Each structure stands twice: as C-alpha cells, then as structure tokens.
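Here is the structure we will look at, set down as structure tokens.
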Amino acid sequence: MSLSSETRSFSYTFLPFFKFLLKRLGFWILVLVVGLNLVFFLPRLMPVSPVDIFLTRVLGGVGGPGLTMGGSGGGAAGAKVEEIKARFMELFGLNQPPAIQYLLFWKRMLTLDFGISYIEYPKSVSQVVLDALPWTLSLIIPALIVGFFIGTYLGTIAAVRPSKLKNFVFYTFVILLQTPYYWTAMIFLYVFAVYFRIFPIKGAFSEKWVEPVLSWEFFVDVLWHYVLPFITLCIPTIGGYAAGMRAAVASETRSSYVEFCRFLGFSQKRVMRYIMRSAILPNLTWFPLTFVGLISQTLLVEIVFGYPGLGFYLYLAAFSLDYPLMEALFLMIMLIVVFGSLIIELLYGLLNPKIGAAYVSE
Amino acid sequence: MSLQPPVRRRSLFLVALSDKYFILLASIFFALVLVGAVGPMFVGQPTRIVGPRLQPPCEKYPLGTDALGRDVLAQVVHGIRNSLLVGLFAGLIAISIAMVLGILSGFMRGLVGEALATVINIFLVIPQIPLLLLVASAVRIRSMWLVATLIGTLIAWPAPARAIRSLALNIREREFIDLARISAKSSLRIAFGEVLPNILPYVFLQFGTTYASAIFTETGISLIGLGPTDRVTLGWILNQVLVMNAYVVGAWWWFLFPGMVISLLVLSLYLMPLVLSRKLQQLGF
Chain A
74 MSLSSETRSF
84 SYTFLPFFKF
94 LLKRLGFWIL
104 VLVVGLNLVF
114 FLPRLMPVSP
124 VDIFLTRVLG
134 GVGGPGLTMG
144 GSGGGAAGAK
154 VEEIKARFME
164 LFGLNQPPAI
174 QYLLFWKRML
184 TLDFGISYIE
194 YPKSVSQVVL
204 DALPWTLSLI
214 IPALIVGFFI
224 GTYLGTIAAV
234 RPSKLKNFVF
244 YTFVILLQTP
254 YYWTAMIFLY
264 VFAVYFRIFP
274 IKGAFSEKWV
284 EPVLSWEFFV
294 DVLWHYVLPF
304 ITLCIPTIGG
314 YAAGMRAAVA
324 SETRSSYVEF
334 CRFLGFSQKR
344 VMRYIMRSAI
354 LPNLTWFPLT
364 FVGLISQTLL
374 VEIVFGYPGL
384 GFYLYLAAFS
394 LDYPLMEALF
404 LMIMLIVVFG
414 SLIIELLYGL
424 LNPKIGAAYV
434 SE
Chain E
205 MSLQPPVRRR
215 SLFLVALSDK
225 YFILLASIFF
235 ALVLVGAVGP
245 MFVGQPTRIV
255 GPRLQPPCEK
265 YPLGTDALGR
275 DVLAQVVHGI
285 RNSLLVGLFA
295 GLIAISIAMV
305 LGILSGFMRG
315 LVGEALATVI
325 NIFLVIPQIP
335 LLLLVASAVR
345 IRSMWLVATL
355 IGTLIAWPAP
365 ARAIRSLALN
375 IREREFIDLA
385 RISAKSSLRI
395 AFGEVLPNIL
405 PYVFLQFGTT
415 YASAIFTETG
425 ISLIGLGPTD
435 RVTLGWILNQ
445 VLVMNAYVVG
455 AWWWFLFPGM
465 VISLLVLSLY
475 LMPLVLSRKL
485 QQLGF
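Protein chains in written order, with this note's numbering: chain A, 74 to 435; chain E, 205 to 489.
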C-alpha cells in the first residue's frame, strides 16, 4: 500500500518535472541549431565574401603597395593575387559547392576542429577558445549571483519600507541600468586607473607573468585586475533585478490575498513571507534572459578592459577576419548560453517542480 | 494587465500632459531631437581636423577636441542626429516584426501559435552582440541603413514581440472576439481588424522601449568599430575613445559628454512609456 502511494507521489511530482526537462532540452537544442545556422547563412547572404575583405586587408588592396613592393609587375601581381585567393578559398572551403560547405561547417562544429588560429599563430583555435573561457566565466557567474542577491534585496527593501536613502540608492541603480556599461567602464578606468592609479589599466594579470601560474602572488594580482570589470558588470545586473523585484513586491502587496491575510490578523512578517514567495517568481524566470544579456555585456566590457576572455578574442577575430576563430567563439558562447540556462532551469525545477511547470506553461 | 476599452488617442495625449515626470522626460528627449535636427547646421564637419590636439573644453571648442584635433561638439551633435535616425529606422522595423509575430502567435491557437511563440523565444536567447559582430564584420562598407536593418531584423524585435504576444493572449479570451468568430470572419481579419486596434496604444508604448534598445545596440556595435562606416554616431565617438586610449591620456571631455548624451537618450525613451503606463493604470484604463 505504502509503496504504491509512494510511486504515485513520485509520478505526481517528478513526472511533470521530467516532462519539463525534456521540453526544455528540446528547446535549447533548437536554439543551438538555429543560432549556428544563422552563423553559417547570414555572413553568406552579405554582398561581399569574407575572403575578398581578408585579401584586401592582407595585401593592402589589389595591386596596392603590398604587392608592388614585392617587385613584380602588374600582370604577374594579378596572377599572384588569384593564386593567393584560390589558396584562401581552399582554406575556408569556399571552393566547394554550398551544400558541401554546409556539411563542412557542421563537421567543424561537431568535431571542434577549427584548425590553427591566425591570431595566436601556433595555437589551435580550440585551444585559444579554451584558454579564454575561464576568464569570461569568472566574470559572468559571480556577477550574476551577486547582482541577483543584491538587486533582489534592494528592490524588496525599497518596496516594503521606502525611505529617502533607500529610494536614492534604488533610483541610482535604475538610472545606471540605462547607462551604457562600456561608458561606465571608461569612466572607472579614467578615475581609478589613470587619475588615482589604484587599479591596473588593462588585462587580467600583470605582464611579468607570461601565462597563468599557481601562486598566491598571482592570485592576488588577478583579483586586483578583476575588481573594475566585475563592478562594472554588477551595476546593470543589480539595477535590473532591483527594478523587477520592486515592481513585483508592489503589485503583490496590492493583491486581494494580502488584504485577506491582513483581515485574518496575520503578522506582518508572515504576510511578507507570502508576498516574497510569489514576488520572487518573475525574477527567477528572468534568470536565463539576464544571463544571455549579461554575456553580451561581458563581451563589450572585456574589450574595454582588455580582459583576455571570449569577447576580447571575438573582437580581435572580427578585425583580423579570422573566421574559424569567430565560428569557434560563437559556438562556445552559444554553448555557455544553452548549458547555463539549462542548469538554471534544472536548479529551480529541482527546488520546486511547480516553478518548473509554471515556467513552461508561461 | 487588464485591457479595458482602447485608450483613445486624444485622451492618451491628455493623460501624458498631466504627468510631471512625463513632461520632464519628454522635454529631455525632444531637446535632444531638436539638437539632432538643427544642430548640424551650426557646427562644422565632425571628421575634419580643426584645432589643436586634445584641447580641453574652452570658449572656441565647448567640448574640447580629440586626439586628432577634431571638434568633439560637432561629433556629438552629428552623433545625436545619426544615432536617433539609426534607432528610429531599426525600431520601426523591429516593432513591425514584433507586432505581426506577437499578434499572430498570441491569437492563433494550436500548432501555428506555438511555433511562432517558439521562434520568438529562440531569438530572445540567441546572444545578440556576438551575432551582430559576426554579420557586420562580413561587410566592409556598412551604410547607416544596413546597420539599422540588421539591428531591426536580428536583435530588437524578440522582446517587444513577447510583450505584444502576452497582450494578444489576454485579448483572445474576450467576448467580442467570440462574436467576431461567430460572424465567420477569417482569423487573419480578426487578428488585424479586432485584436490589433485594441492593443495599438500598448504597441505605441512598446515602441519607446524598442527605440531605446535599438540605440543602445547600435552604440554597442559601433563601440567595437562595426557600426556604420559612413556616418558619425555616438557609438563611433566612444570607439575612437577606445582606439586612441582617451582615458589613458586623461581626455575626460572626449568620452564624458557623448556617454551622458547616450544615457539621457536611452533613459528618456525607456522611462517615458513606463511612466505613461503607470499613469494609465492609476487612472484605471
């Protein structure tokens, strides 16, 4: 008897959860497929081929100074350009018919073999991406967590017991949310790195270390470089969560069940617990969206701070037109989005299967 | 949010004028529009070298000059105009896409509605800046309109589409929709003849947010140097700041003012619909 009731309760609580999980998994796989297809098709829909741009940049224009310096005549130069172009076409696989190119693209995506990077010459593209990944993750994850807790707290206290000071802090963050974070980064750099010289101006660690090592001194140095980009990223995250939480608490406070609880004579503390429980839901459902937004923000902030993460390399790759590296970086960013969001959804599906179900039915 | 009879345009206008925060935000925004509209007639070419390098603000150059000796004021004024134009064009494209997809996905039942909703949700989570960066870098000469089209069609529409969808979902359950169904109107005619007029004021409010996010995105992509190559935008100025390390040489005037202008633009555009919708809610619309 007890066993059957147990299995029943299992199927009631966990079956919806597994359904939810499968549905989300399907969705995120679809996101991955659509995103990667966009990366393949969109640049090819553009009027110019990347090879042409790359060649112009490398050679300084067809027949430009880059070639005539080689001492060859005009005709020979033309032939040489064609030859170089053919080599590049082969390298990019662009001499193949489109269908084969498409298959080659997916082969690169699945085998993670993107060849050798142009930017960091002897390293493979995958190695460059893997080296950059920890720096980006170490910015995103703490910023998301810290931003969530401080923002939710700030929004709650601003909604429950508003005072001049709390409102001032709250509105400051809401205004900073609409301020370009890369501009905030520039101001931080000017004030703290140039004017007061408290923090370093660029990079993730001092130049005396050629590459990361395991030592206390290095760790402190990394933290020192970490402060400014981290604070820059926290500001808009805090603002977003604070604004969302304040609106949610305010609208819950007005709802009829709160009034009913007050009539029943519940203590303020108990009523607050009910309010908080439902007000936090929208903030939780926004978690994946904030996460995606935060990734875009991190990329730009990394560029301003010269922080050697994915965004910084994406910037370099876009300029040297290192297409394989761009593809690999985009794949990695998509993977972060997909796995990060899946983990977040899984976590609150586990915390409360009802939240998961509500999330799907939304 | 309950959808009462549509707010008539006239009354929306009156409501707007009776809110002091709205007046404040609107005057900030229209002052900037005015600067963008007539300002370029009074300042010189933004890319011409006119004075000494890195001149701090003085009488002749109220916002100083940059590392090449170009007038920052001229850049900001032209930047306001072009950023507003790029944002407007991108915002219009985005809100049109959002309106069609949002209404259809909210109104259609069954597979079509579900599929459209999934499309919206997918585009919502594809990381925007990297995608835009990848596409923009494939084109060497980017006109302002190309960049605006890219932002409008790739980046700016999913968020408003989701908001419009939730409104359409809400209105689908109302009696007059049933009435329209009984009178054998086609679904498309109901969607755009009955649902659309009812949510049009909210689409209008949503446009402010979309406009703001389009300007924000353009600035971000220009910061990396992948914005329009034929015009000066506010993001382009920040790109020059970044490339020429303005903060290292201590040229605070070079990036302080452009950034403030961007904040004011985005803040006023973003908060105007927010203030307005709160006012409408208070009045019980």
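A virtual CB, placed ideally from N, CA and C, is assigned to each residue, including glycine. Note that the coordinates shown come from a computational prediction; the quantities given were computed from them, not determined experimentally.
Min CB distance residue i to chain E below 8 Å
| i | result |
| --- | --- |
| A:Gly137 | Note on A:Gly137: pLDDT 36, under 50, position unreliable in the model; the coordinate value appears next. No, A:Gly137 does not count as interfacial toward chain E. |
| A:Pro253 | yes |
| A:Val201 | no |
| A:Gly213 | One point to set straight first is that residue 213 of chain A is Ile, not Gly, in the sequence displayed. By this cut-off, A:Ile213 is not an interface position. |
| A:Met182 | no |
| A:Val331 | no |
| A:Val267 | yes |
| A:Ser47 | Absent from the model: residue 47 of chain A. The displayed extent of chain A is 74 to 435, so no value can be given. |
| A:Trp256 | yes |
| A:Phe385 | no |
| A:Phe403 | yes |
Where residue i falls: helix, strand or coil (DSSP)
| i | result |
| --- | --- |
| A:Ile189 | strand |
| E:Leu473 | helix |
| E:Thr269 | strand |
| E:Arg346 | coil |
| E:Asp434 | coil |
| E:Asp223 | coil |
| E:Ser481 | helix |
| E:Asp275 | strand |
| A:Ile66 | Residue coverage of chain A in this structure runs from 74 to 435, which leaves residue 66 of chain A outside it and unanswerable. |
| E:Ile253 | strand |
| A:Ser288 | coil |
| A:Glu435 | Here A:Glu435 scores only 42 on pLDDT, less than 50, and its place in the model should not be relied on; the value that follows carries that caveat. Three-state DSSP puts A:Glu435 in coil, outside helix and strand. |
| E:Ser309 | helix |
| A:Ser197 | strand |
| E:Asn374 | helix |
| A:Arg234 | coil |
Proximity to residue i [Cα-Cα], best of the options
| i | options | result |
| --- | --- | --- |
| A:Gly366 | E:Ile330, E:Leu430 and E:Phe234 | E:Ile330 |
| E:Val339 | A:Trp359, A:Ser324 and A:Met119 | A:Met119 |
| A:Ile406 | A:Ile416, A:Thr371, A:Leu115 and A:Glu418 | A:Thr371 |
| A:Phe360 | A:Ser340, A:Val411 and A:Tyr347 | A:Val411 |
| A:Asp204 | A:Asp294, A:Glu284 and A:Ser351 | A:Glu284 |
| E:Pro250 | E:Leu469, E:Thr322 and E:Thr437 | E:Thr437 |
| A:Ile214 | A:Leu402, A:Phe364 and A:Gly384 | A:Phe364 |
| E:Tyr406 | E:Ala360, E:Gln485 and E:Ala321 | E:Gln485 |
Burial state of residue i (16 or more Cβ within 10 Å)
| i | result |
| --- | --- |
| A:Gly99 | exposed |
| E:Arg346 | buried |
| A:Ser414 | buried |
| E:Ala365 | buried |
| A:Gly422 | buried |
| E:Trp440 | buried |
| A:Tyr380 | buried |
| A:Thr184 | exposed |
| E:Arg435 | buried |
| A:Pro170 | exposed |
| A:Ala316 | buried |
| E:Met476 | buried |
| A:Lys92 | exposed |
| E:Met303 | buried |
| E:Val343 | buried |
Beta-carbon spacing of residue i, residue j below 8 Å
| i | j | result |
| --- | --- | --- |
| E:Val239 | E:Leu277 | no |
| A:Ser369 | A:Tyr191 | no |
| A:Ile311 | A:Leu362 | no |
| A:Leu354 | A:Gly313 | no |
| E:Val280 | E:Val465 | yes |
| E:Ala416 | E:Ile355 | no |
| E:Gly412 | E:Tyr474 | yes |
| E:Leu392 | E:Leu358 | no |
| A:Ala320 | A:Val295 | no |
| E:Pro462 | E:Gly273 | no |
Chain A contact for residue i (CB, 8 Å cutoff)
| i | result |
| --- | --- |
| E:Thr423 | yes |
| E:Pro334 | yes |
| E:Val470 | yes |
| E:Gly412 | no |
| E:Tyr474 | yes |
| E:Leu338 | yes |
| E:Tyr451 | yes |
| E:Leu267 | no |
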